[in-house]
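Read through the structure below, which is laid out as structure tokens, and then see the notes.
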Amino acid sequence: MTHTDAGARVALVGCGAVVEHIHAKVLQYLLTREPIAVVAAVDPDPSRRELISALFRGCEPIAALADLPTDTNFAIVASPVRFHAEQTIELLRRGIHVLCEKPMAMTSRECSQMNAAAAEAGCLLALGHVRRFYPVAVQIRDMIRNRSLGRALSFRMIEGSVYRWSAVSDAYFRRASGGGALRDIGVHLVDLLLWWFGQPEEVDYRDDAMGGVEANVRLRLAFDGGLTGDVYLSRDSTIRQPCFIAFEHGWAAFDPYDTNRLQIGTFAGTMLDSHLHEQVGRREAPRMGVPGATFQQAFILQFLNFMRAAAGKEMPRTSGEEGAQSIQLIERCYSARRLVDMPWMSEKEITQARMLT
Amino acid sequence: MIRVGVLGASGFVGTRLTEIFHLERMAEVVPIVRSSNSLAGLARFALEWRIADALDYGALVEAFRGCDVIVHSIHGPNELLVEAPRVAYRAASRAGVRRIVYLSTAAVHGQDPAPGTDETSPLHTRHPVSYNNAKVRAEREFQRLRKGGNVEVVILRPPIVFGPRDGWVTSMAEAILARSAYVVRGEGICNTVYVDNLVHAIRLAMTADADGEVFIITDKESVTWSALYRRVSEALGNHWTVPVIEDPAVIRERLPILAKLKEFAPVGAAVPFIPRGWKIAARDAINVASVALSAARSAGRHQSINPWQLPATPTPAVPLSVALLHRCRHKFSYAKAKDRMGYEPLLSLDEGLERTLAWMRFVAYPVGPRSITDAGRAVR
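Chains as they are written, first to last, in numbering that gives the first Met the number 0: chain A, 0 to 356; chain B, 0 to 379.
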């Protein structure tokens, strides 16, 4: 029996909005079903750690990792990204399995250090790329791998909405936080593209940061075999176009915020608009099981996968190595960065925008 | 350089204003937003933003401190629009602000104003669209406060503001792409102002000798609703003709019952004197009745579906505000703004449309690179 079989004693590291609105709710649900106890809420802000610790019986509000209960064996790192590497490494060195929120770290060098610490400690480092638990993402990966509609030819990935996430402070939008649209929301799509298609050969990256952090991103990727695609990201405009993948014999479209809805067309006069369900029963006589996971259920499944992977019962859906690949691609983008074309601006504006870039 | 606080900086107009003022170095901009969530777009620039709720006097005083001018450009429920002027004016006075430029709306004259309507036309609060009434009240409050205060006020009344990041034009595009768009009657006038022209007017209003004045701000050209829809439809590569509806079913605005009662002047005046317990009991009873009524209506709708028919795009029921807008007979004039502030639109309606369509291409709409090829056709 591993020490994880005896039960998870979980620390929440960082007590911001993502913990309050998501991870705490996941753990509150699982408390009554799994051998789990939340033992510590870690945050330098007393009001935040008190708020989170009050949600769990026996949970200690603490300011620093040094004060963690010694029997802690699992941690969710959901602090600002600039602290991810330092905190994750410290936790791993203490023999604690870590589920680290996306993005993994500020740099790929930090990612390497985190992965090395995990290997050295013999602990699990998993990444919180929750969209890999969206049924639609799994279904599309399956279609790409099995070539159900033939080879993928091109894609257009879009994620754009006026920012509504309840950031606890404006530090999130300061340059030091690494909080631009690519690093924040783009990392989701970057991770999915890597999961589906592997590393791209060519990258053309443009954004609209003019002294601050980008709100809009245009990214063009080219892959081995001729597959090309565009990524549109926006945090200041709602883009109502769906994500779209063109295959040899049809197409697939989906909304990045809808976890289990998929549209498929085969160039006929009609199209399929489907809600995904679990498939049960024998292969030759399938039956429809429960509906595919919702946004909230995807987070629950993510934590269960983390626990089972730590116990060696299954593979983590996103390993530390895979998390590092997203950061490498993001670094590649930023290093090739150019100012995006903003055709509504005057010449004077564009001149100054280039100077501020 | 003049220092301008923009209250509501994350909105469509506020964002473009910040962009232009900052990049063209017209002013030192201080964006003021309600919460951190609203900073995503503004954070493209290294600006010293402030966070303050439009009804939080203390926070506004701090946010306004050091500003010469405040541009008041908030959006929200009608209650907020009516309450905000009082708080902003007091805070501006305390913080030593010289002038407030208030963004009102030409809708204070209604969506279908009588021909000849201008800044001198009397206002009223009997519009069937409650937003219009709220903006009339807000204007009146600013004017009342100005009479007894030391902060100057200039009020701008733009009609339909359009441009990059505008939800109005993308809604139009969405409806066209889904083939659910329509125009009521068709020959009604769409009173537009391209957002850059409005920002130009705001800039003039910050320093013009116009304390206490009200200005209607529009584009120069006049365009019909039919022509505008046709232009956007063609730009989207859509060869579908937007249908014209002559006499649609009109959806009247359904205010919550309590809000409706408050709109009725004698009830509104009596509200402060009603005991709190009575108010709560009345509110609960009205809520229960509303839910029951809504459920009954919903059940009625479900029963009316006839299965013996082929699918068809239903004839739309049109919101009252849209029906009135599409019937508009009057093209507003900016003559007073020209005379008193030297306002003249910087960009033509065509140029504004071209830039807006270019932005739509930027956000992945299927707009062709040469969207406007027959510039004169829609404009008269």
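Every residue gets a Cβ at the ideal spot worked out from N, C-alpha and C, and that includes glycine.
For Lys219 (chain B), I'd like the list of residues in its chain whose CB is within less than 6 Å of its CB, leaving aside the five on either flank, ordered along the chain.
-> Mapped onto the second sequence, residue 219 (chain B) falls at position 220. For Lys219 (chain B), where only same-chain residues beyond five positions count, the Cβ hits under 6 Å are Pro344.
When the Cα of Arg328 (chain B) is compared with those of B:Ser72, B:Asp111, B:Ala91, which residue comes out closest?
-> Taking the second sequence and counting its residues from 1, one reaches residue 328 (chain B) at position 329. Out of B:Ser72, B:Asp111, B:Ala91, B:Asp111 has the C-alpha closest to the C-alpha of Arg328 (chain B).
Counting contacts by CB-CB distance shorter than 8 Å, is Arg234 (chain A) in contact with chain B?
-> Within the first sequence, residue 234 (chain A) is the residue found at index 235, counting from 1. For Arg234 (chain A), the answer is yes, since a Cβ of chain B falls inside 8 Å of its Cβ.
Neighbourhood of Gly6 (chain A) by C-beta distance below 6 Å, restricted to the same chain and skipping five residues each side = Counting from one through the first sequence, the residue named residue 6 (chain A) turns up at place 7. Answer for Gly6 (chain A): Pro34, listed in chain order.
Going by DSSP, what residues sit across from Leu155 (chain B) in a beta bridge?
-> Locating residue 155 (chain B) in the second sequence gives position 156, where the first residue counts as 1. Leu155 (chain B) is bridged to B:Leu102, B:Phe214.
Any idea if Met113 (chain A) is buried or exposed, counting beta-carbon neighbours within 10 angstroms, 16 or more meaning buried?
-> Indexing the first sequence from 1 puts residue 113 (chain A) at position 114. Classification for Met113 (chain A): buried.
Mind pulling the chain A residues with CB within less than 9 Å of Phe20 (chain B)?
-> Numbered from its first residue, the second sequence carries residue 20 (chain B) at position 21. Going along chain A, no residue has its Cβ under 9 Å from Phe20 (chain B), so there is no contact; the nearest lies around 10 Å.
Can you find a C-beta in chain A that's less than 8 Å from the C-beta of Ser232 (chain B)?
-> As a working mapping, residue 232 (chain B) is identified with position 233 in the second sequence. Not an interface residue.
Three-way DSSP call (helix, strand, coil) for Thr169 (chain B) in this model = Against the second sequence, residue 169 (chain B) aligns to sequence position 170. Three-state result, Thr169 (chain B): helix.
8 Å Cβ cutoff, Gln240 (chain A) in contact with chain B | Taking the first residue of the first sequence as 1, we reach residue 240 (chain A) at position 241. Yes - at least one Cβ of chain B is within 8 Å of the one on Gln240 (chain A).
Does the beta carbon of Pro368 (chain B) sit closer than 8 Å to a beta carbon anywhere in chain A?
-> As a working mapping, residue 368 (chain B) is identified with position 369 in the second sequence. With 8 Å as the cut-off, Pro368 (chain B) does not count as an interface residue toward chain A.
Complete beta strand (DSSP E) runs within the stretch 12-74 of chain B (minimum length 3 residues, chain order) | 27-32, 68-71
Nearest to Ile175 (chain B) (by Cα), restricted to the options B:Arg202, B:Asp246, B:Gly236, B:Ala137 = Working through the second sequence from its first residue, we reach residue 175 (chain B) at position 176. Ile175 (chain B) has its Cα closest to that of B:Gly236, out of B:Arg202, B:Asp246, B:Gly236, B:Ala137.
Cα-Cα separation, Glu320 (chain A) to Leu192 (chain A) | Counting from 1 along the first sequence, the entry for residue 320 (chain A) is found at position 321. Counting from 1 along the first sequence, the entry for residue 192 (chain A) is found at position 193. If I take the Cα positions, the gap works out to 15 Å.
Which listed residue (A:Pro315, A:Asp272, A:Asp229) has its alpha carbon closest to that of Leu152 (chain A) = For this step, residue 152 (chain A) is matched to residue 153 along the first sequence. Nearest C-alpha to Leu152 (chain A): A:Asp229.
Taking C-alpha atoms, which residue in A:Phe298, A:Ala335, A:Ala310 lies nearest to Ala23 (chain A)?
-> Mapped onto the first sequence, residue 23 (chain A) falls at position 24. For Ala23 (chain A), the nearest C-alpha among the options comes from A:Phe298.
Kindly list, in the order they appear in chain B, the residues whose Cβ is closer than 7 Å to that of Pro43 (chain A).
-> To locate residue 43 (chain A), count along the first sequence from 1; it is residue 44. Those do not exist, as Pro43 (chain A) stays about 18 Å from chain B at its closest Cβ, beyond 7 Å.
Exposed unless 16 or more other CB atoms sit within 10 angstroms - verdict on Arg337 (chain A) | Residue 337 (chain A) sits at position 338 when you count from the first residue of the first sequence. Counting Cβ neighbours within 10 Å, Arg337 (chain A) comes out exposed, since fewer than 16 surround it.
Where Ala104 (chain A) and Ala117 (chain A) are concerned, what is the direct C-alpha to C-alpha distance, given to the nearest angstrom?
-> Translated into the one-based positions of the first sequence, residue 104 (chain A) becomes position 105. Translated into the one-based positions of the first sequence, residue 117 (chain A) becomes position 118. One C-alpha to the other measures close to 15 Å.
Is Lys134 (chain B) near Thr169 (chain B), with beta carbons less than 8 Å apart?
-> Position 135 of the second sequence, counted from the start, is the residue given in the question as residue 134 (chain B). Position 170 of the second sequence, counted from the start, is the residue given in the question as residue 169 (chain B). Not a contact, by the Cβ cut-off of 8 Å.
Should the stretch 64-79 of chain B be called in touch with the stretch 90-99 of chain B, which here means at least 3 C-beta pairs below 8 Å?
-> yes
Return the residues of the stretch 30-44 of chain B that lie within a Cβ-Cβ distance of less than 7 Å from chain A, sorted by chain order.
-> Ser35, Asn36, Leu38, Ala39, Gly40, Ala42, Arg43, Phe44
Touch test, the stretch 121-132 of chain B against the stretch 230-249 of chain B, Cβ-Cβ under 8 Å, three pairs minimum | no
Does the beta-carbon distance from Phe222 (chain A) to Gly249 (chain A) come in below 8 Å?
-> In the first sequence, residue 222 (chain A) corresponds to position 223, counting from 1. In the first sequence, residue 249 (chain A) corresponds to position 250, counting from 1. Not a contact, by the Cβ cut-off of 8 Å.
Boundaries (first-last residue) of the alpha helix (DSSP H) holding Ser111 (chain A) | Counting from 1 along the first sequence, the entry for residue 111 (chain A) is found at position 112. Residues 107-120.
Taking all protein chains shown into account, do 16 or more other C-beta atoms lie within 10 angstroms of the C-beta of Arg251 (chain B), making it buried, or fewer, making it exposed?
-> Translated into the one-based positions of the second sequence, residue 251 (chain B) becomes position 252. Flag for Arg251 (chain B) reads exposed.
Answer with yes or no whether the minimum CB distance from Asp182 (chain A) to chain B is below 8 Å.
-> Walking along the first sequence from the start, residue 182 (chain A) turns up at place 183. The question names Asp, but residue 182 (chain A) is Arg in the sequence shown. For Arg182 (chain A), the answer is no, since every Cβ of chain B falls outside 8 Å of its Cβ.
When A:Asp190, A:Ile263, A:Ala292, A:Glu200 are compared against Gly322 (chain A), the one with the closest alpha-carbon | Sequence index remark: in the first sequence, residue 322 (chain A) carries index 323 (1-based). Comparing Cα positions, the closest option is A:Asp190.
Can Trp224 (chain B) be considered in contact with the ligand ADP, in the sense that its beta carbon sits closer than 7 Å to one or more heavy atoms?
-> Looking at this structure, you won't find the ligand ADP or any other ligand, since it has none at all.
Segment limits, alpha helix (DSSP H) that includes Glu140 (chain B) = One-based indexing of the second sequence puts residue 140 (chain B) at position 141. Run containing Glu140 (chain B): 129-147, per the alpha helix (DSSP H) assignment.
Counting only beta-carbon atoms, is Ala51 (chain B) nearer than 8 Å to chain A?
-> Within the second sequence, residue 51 (chain B) is the residue found at index 52, counting from 1. Not one chain A Cβ lies under 8 Å of Ala51 (chain B).
Is Thr87 (chain A) closer than 8 Å to Val97 (chain A) when the C-beta atoms are compared?
-> As a position in the first sequence, residue 97 (chain A) is number 98, starting the count at 1. As a position in the first sequence, residue 87 (chain A) is number 88, starting the count at 1. It is a contact, given that the beta carbons lie within the stated cut-off.
Tell me where the alpha helix (DSSP H) around His83 (chain A) begins and ends.
-> Looking up residue 83 (chain A) in the first sequence gives position 84. Looking at the DSSP string, the run of the alpha helix (DSSP H) that includes His83 (chain A) is 83-92.
Residues of chain B with CB under 8 Å from Lys347 (chain A), in chain order?
-> By one-based count along the first sequence, residue 347 (chain A) stands at place 348. In chain order: Leu22, Glu23.
Ala235 (chain A) and Asn215 (chain A) closer than 8 Å at C-beta | Position 236 of the first sequence, counted from the first residue, corresponds to residue 235 (chain A). Position 216 of the first sequence, counted from the first residue, corresponds to residue 215 (chain A). Reading the sequence as shown, one finds Asp at residue 235 (chain A) and not Ala. Cβ distance < 8 Å, so Asp235 (chain A) and Asn215 (chain A) count as in contact.
Residue range of the unbroken beta strand (DSSP E) whose run includes Glu100 (chain A) | Start at 1 with the first residue of the first sequence, and residue 100 (chain A) comes out as number 101. Note, Glu100 (chain A): beta strand (DSSP E), 96-100.
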